[in-house]
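In what follows, a single structure is set out as structure tokens and then discussed.
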Amino acid sequence: MNRNLRKSATILACKTVGEQNRLVTMLTAEDGVCTALLYGGPKSKLRSLVSPYHTGTIWLYTDAAKKSTKITDFDVTSFRPSLRENLYKSWAAALCAELLIKTCATGSEVFKIANGFLDGLNLSSEEASKAGTVRFLWRYQQELGVQCDTQFCAICGADFARFAGDQLGLYSAVNAGFLCPHCTADGLASNDKGFSIFVEGIKYLNGVTNLAPKQSRALPLSEATFHQLEELCFFLTNQAADGHLKTLESLRLFVSTPR
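Quick note: the sequence shown uses my numbering, first residue 217, plus one each step.
Written out as structure tokens, the structure is:
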């Protein structure tokens, strides 16, 4: 049975198929990551609309006999032009798209988080976008079900709220969680391969998890702590994607200075 479908979609990637057609990978609110064919040459108006990071309502036609789905129309509501005008924003959007594809993203909440991130990139300065990337990657850990506890020490159970922000903690690879300043010395002594991080950073991640996006954006964050969080989130993101993300291989191109 042939079907005409309408979905809310964000275009993630387009790949040339044959001489003039494209295989489009998109994130939909209804079915997560999926693909469809786009027919038409370079002069096609629809081809210019169906471009990476555009969001809107897409119309699909599924041919059951041929087991194929093609795009028949796309009403764009968000073009996000600055993602093509700034090198860092373009890179961060590509990281988002690759991560969603690699993890076979699904669910309305993921759709909301991903589009919120892309909207933030489009509207924010480059410096603010860097902190936004860290927050997105940390929130996505929660959607994947692998986000670790940011309230209590993974060893002794101490509440991080009792420690000063400038005290040094540790993300422990062995315990897959954060260690309080008291347990950090033992972790380092045992050659626990992890990431040193100020308690300020652990509290920041806790805020990202538990506060509304508007509130978490207002949380204070020192430059030194940001660099620690960025390195940690890139590591955890690569780990969650079960391999090296191509976009992260080029991360050293960017000097992170959040404000």
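Using N, Cα and C, we set each Cβ at its ideal position, and we do this for glycine too. All figures in this text were calculated on a predicted structure; none of them were measured in a lab.
Query, Result
"Close beta carbons around P474, own chain, < 6 Å, minus the five adjacent residues each side", "Reliability of the predicted coordinates at P474 is poor, the pLDDT of 42 falling under 50, and the value obtained from them is presented with this limitation in mind. Taken in chain order, the residues that qualify are E343, K346, A347, F442."
"Helix, strand or coil at A302 [DSSP, three-state]", "Correcting the residue type first, residue 302 is Asn in the shown sequence and not Ala. Correct three-state label for N302: coil."
"3 or more residues per run - each beta strand (DSSP E) lying fully within the segment 353–421", "384–388, 393–395, 410–414"
"8 Å contact criterion, which L316 and L239 should meet: CB distance rounded", "Not really, about 16 Å apart at Cβ, beyond 8 Å."
"Residues of its chain near S267, where Cβ-Cβ distance is below 8 Å and the 5 sequence neighbours each way are ignored", "I227, C230"
"Residue range of the unbroken alpha helix (DSSP H) whose run includes F442", "439–456"
"Close-in-space but distant-in-sequence residues of the same chain around G256 (CB under 8 Å, 5 per side omitted)", "Q236, N237, L262, R263"
"Through-space distance from K259 to A428, alpha-carbon basis", "43 Å"
"For T241, the three-state DSSP class (helix, strand or coil)", "strand"
"Own chain, CB closer than 6 Å to G248, minus 5 neighbours either side, in chain order", "A321, T322"
"Reduced DSSP secondary structure (H/G/I, E/B, other) of K223", "strand"
"Spatial distance of I371 from L395 (CA atoms)", "7 Å"
"Endpoints, alpha helix (DSSP H) assigned at V488", "Only positions 217 to 475 of the chain appear in this structure, which leaves residue 488 out of reach."
"Opposing strand residues paired with K286 [DSSP bridges]", "L253, Y277"
"Neighbourhood of P397 by C-beta, 8 Å cutoff - its chain only, sequence neighbours within 5 removed", "F379, Q383, L384, G385, V415"
"Beta bridge counterpart(s) of A229 as assigned by DSSP", "T241"
"Contacting residues, own chain, Cβ-Cβ under 7 Å from D291 (five flanking each side not counted)", "G272, T273"
"Beta-carbon spacing of L448, Y387 below 8 Å", "yes"
"N422 versus T366 - alpha carbon distance", "5 Å"
"First and last residue of the uninterrupted alpha helix (DSSP H) at F327", "324–339"
"Extent of the continuous alpha helix (DSSP H) to which K476 belongs", "An answer regarding residue 476 cannot be provided, because it is not within the stretch 217 to 475 covered by the chain."
"Within 8 Å, strictly: CB atoms of L163 and R296", "The shown model of the chain, from 217 to 475, leaves out residue 163, and the question about it has no answer."
"Closest residue to S412 among G373, T319, E446 (Cα-Cα distance)", "E446"
"Same chain only: Cβ atoms within 8 Å of R222, ignoring 5 sequence neighbours per side", "T273, I274, W275, L276"
"Candidates L337, S284, T293, of which the one nearest A310 by Cα", "L337"
"Any non-hydrogen atom of the ligand HEM closer than 7 Å to W354 Cβ", "For the ligand HEM, the structure offers nothing, since it holds no ligand at all."
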